[in-house]
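Have a look at the structure below, then the notes.
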Amino acid sequence: MTKKEKEIFRRYLDSSCSEMVRCISGEGRTECAIASAVFVQLQGLWDELNKVDME
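Residue numbers for the sequence shown follow the numbering used here, so the first one is 11 and each next one is one higher.
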(Lines of atoms letter the chains of each structure in order from A; the text may use other names.)
(Lines give C-alpha, C1' and ligand atoms only; values in the text may rest on other atoms or scores of the structure.)
Protein backbone atom coordinates (compact mmCIF):
# COMPACT_ATOMS: atom_id res chain seq x y z
CA MET A 11 0.00 0.00 0.00
CA THR A 12 1.09 3.54 -0.57
CA LYS A 13 1.65 5.90 2.32
CA LYS A 14 -1.59 7.74 1.46
CA GLU A 15 -3.58 4.47 1.32
CA LYS A 16 -2.23 3.48 4.73
CA GLU A 17 -3.14 6.89 6.12
CA ILE A 18 -6.71 6.67 4.83
CA PHE A 19 -7.15 3.10 6.04
CA ARG A 20 -5.76 4.02 9.45
CA ARG A 21 -8.37 6.81 9.71
CA TYR A 22 -11.15 4.29 9.08
CA LEU A 23 -9.67 1.94 11.66
CA ASP A 24 -9.37 4.75 14.22
CA SER A 25 -12.95 5.85 13.54
CA SER A 26 -14.16 2.29 14.01
CA CYS A 27 -12.28 2.04 17.30
CA SER A 28 -13.81 5.31 18.51
CA GLU A 29 -17.28 4.06 17.59
CA MET A 30 -16.69 0.86 19.54
CA VAL A 31 -15.57 2.81 22.63
CA ARG A 32 -18.58 5.13 22.32
CA CYS A 33 -20.92 2.14 22.18
CA ILE A 34 -19.35 0.53 25.22
CA SER A 35 -19.88 3.81 27.07
CA GLY A 36 -23.64 3.66 26.83
CA GLU A 37 -25.14 2.28 23.64
CA GLY A 38 -27.17 -0.89 23.34
CA ARG A 39 -25.80 -4.37 22.98
CA THR A 40 -26.65 -4.63 19.28
CA GLU A 41 -24.77 -1.45 18.44
CA CYS A 42 -21.76 -2.65 20.43
CA ALA A 43 -21.78 -6.01 18.67
CA ILE A 44 -21.88 -4.34 15.26
CA ALA A 45 -19.16 -1.83 16.12
CA SER A 46 -16.98 -4.59 17.52
CA ALA A 47 -17.47 -6.77 14.43
CA VAL A 48 -16.59 -3.90 12.10
CA PHE A 49 -13.45 -3.12 14.08
CA VAL A 50 -12.33 -6.76 14.06
CA GLN A 51 -12.89 -6.99 10.30
CA LEU A 52 -10.97 -3.79 9.60
CA GLN A 53 -8.11 -4.86 11.86
CA GLY A 54 -7.93 -8.23 10.11
CA LEU A 55 -7.91 -6.55 6.71
CA TRP A 56 -5.17 -4.17 7.88
CA ASP A 57 -3.05 -7.12 9.01
CA GLU A 58 -3.57 -8.98 5.72
CA LEU A 59 -2.74 -5.93 3.60
CA ASN A 60 0.45 -5.39 5.56
CA LYS A 61 1.44 -9.02 4.94
CA VAL A 62 0.98 -8.45 1.19
CA ASP A 63 3.19 -5.36 1.39
CA MET A 64 5.99 -7.44 2.87
CA GLU A 65 5.92 -10.06 0.11
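Each residue gets a CB set at the ideal place from its N, CA and C atoms; glycine is no exception.
Requested in this report: Answer with buried or exposed for Ala47, where buried requires no fewer than 16 other C-beta atoms within 10 angstroms of its C-beta.
Outcome: Counting from 1 along the sequence shown, the entry for residue 47 is found at position 37. Counting Cβ neighbours within 10 Å, Ala47 comes out exposed, since fewer than 16 surround it.
For Gly36, report the span of its alpha helix (DSSP H) as first-last. By 1-based counting over the sequence shown, the position of residue 36 is 26. Counting along the chain, Gly36 falls outside any alpha helix (DSSP H), and DSSP gives it neither H nor E.
Just to check my reading of the structure: Glu29 and Ala45 have Cβ atoms closer than 8 Å, yes? What is that Cβ distance to the nearest angstrom? Indexing the sequence shown from 1 puts residue 29 at position 19. Indexing the sequence shown from 1 puts residue 45 at position 35. Contact holds; Cβ gap of about 5 Å.
> Does the distance from the CB of Phe49 to the CB of Ser26 come in under 9 Å?
Replying inline: Along the sequence shown, read from residue 1 onward, the residue named residue 49 stands at position 39. Along the sequence shown, read from residue 1 onward, the residue named residue 26 stands at position 16. The answer is yes: Cβ separation under 9 Å.
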